[in-house]
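So the sequence shown is numbered by the working numbering: it starts at 205 and just counts up by one. Cβ atoms here follow ideal geometry from the backbone N, Cα and C, with glycine treated the same way. As the structure is a prediction and not an experimental result, all values here were calculated from the model.
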Amino acid sequence: MLEAIFNHYNYWLIIFLMMTGLYIVVSRGNLIKKIVGLNIFQTSVFLLYITIGKVNDGTAPILTGKSEIFSNPLPHVLILTAIVVGISTTALGLALVVRIRESYGTIEEEDILVSEGHQTEMELNKIQP
205 MLEAIFNHYN
215 YWLIIFLMMT
225 GLYIVVSRGN
235 LIKKIVGLNI
245 FQTSVFLLYI
255 TIGKVNDGTA
265 PILTGKSEIF
275 SNPLPHVLIL
285 TAIVVGISTT
295 ALGLALVVRI
305 RESYGTIEEE
315 DILVSEGHQT
325 EMELNKIQP
């Protein structure tokens, strides 16, 4: 059992990164920190797909005429595309944060909700004894 855990340490690292990114997105009110959390989560998904696509003792899929074990190139190609999409969504998210800062004067989610007229949990707790 312990040997299986140590042999797949990369999966445990990826799970740790996923949970860290998810925690940052859920627990933080700062919009930039949420974008950083999404990027951490996204990077862990990239690492997961690259790890799954690697075959032990596999080589690049170049046909030489003899029988060899090849690594699957498809996950790597998909991840290259996903990296470009990830950079684009990060840039768009940061541009939206700049516009939100110009409109509301803050990038804290709670302050934005208050300025929009929505009641937050803190306000509800202050009203009730």
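Item: Beta-carbon contacts of Lys258 that lie in its chain and below 7 Å, excluding the five residues immediately before and after; Value: Ser275
Item: Ser248 classed as buried or exposed, judged by whether at least 16 other C-beta atoms fall within 10 angstroms; Value: buried
Item: Minimum length 4: unbroken alpha helix (DSSP H) runs contained in the region 259-312; Value: 278-308
Item: Nearest residue (CA-CA) to Ile273, options His280, Pro265 and Pro279; Value: Pro265
Item: C-alpha gap between Ala286 and Glu207, whole angstroms; Value: 33 Å
Item: Buried versus exposed, by CB contacts within 10 Å (16 or more), Lys270; Value: exposed
Item: Contact belief for Glu312 with Gly233 at Cβ below 8 Å, rounded distance in angstroms; Value: 5 Å
Item: Alpha carbon of Leu221 to alpha carbon of Glu306, nearest angstrom; Value: 32 Å
Item: Proximity below 8 Å, CB of Leu217 to CB of Tyr253; Value: no
Item: Limits of the alpha helix (DSSP H) - the one that Gly241 falls within; Value: Leu235 to Gly257
Item: Close Cβ partners of Thr263 (< 8 Å) along its chain, the five nearest in sequence each way excluded; Value: Glu272, Ile273, Phe274 and Ser275
Item: Identity of the residue in Asn211, Val301 and Tyr308 nearest Ile236 by Cα; Value: Val301
Item: Exposed unless 16 or more other CB atoms sit within 10 angstroms - verdict on Gly241; Value: buried
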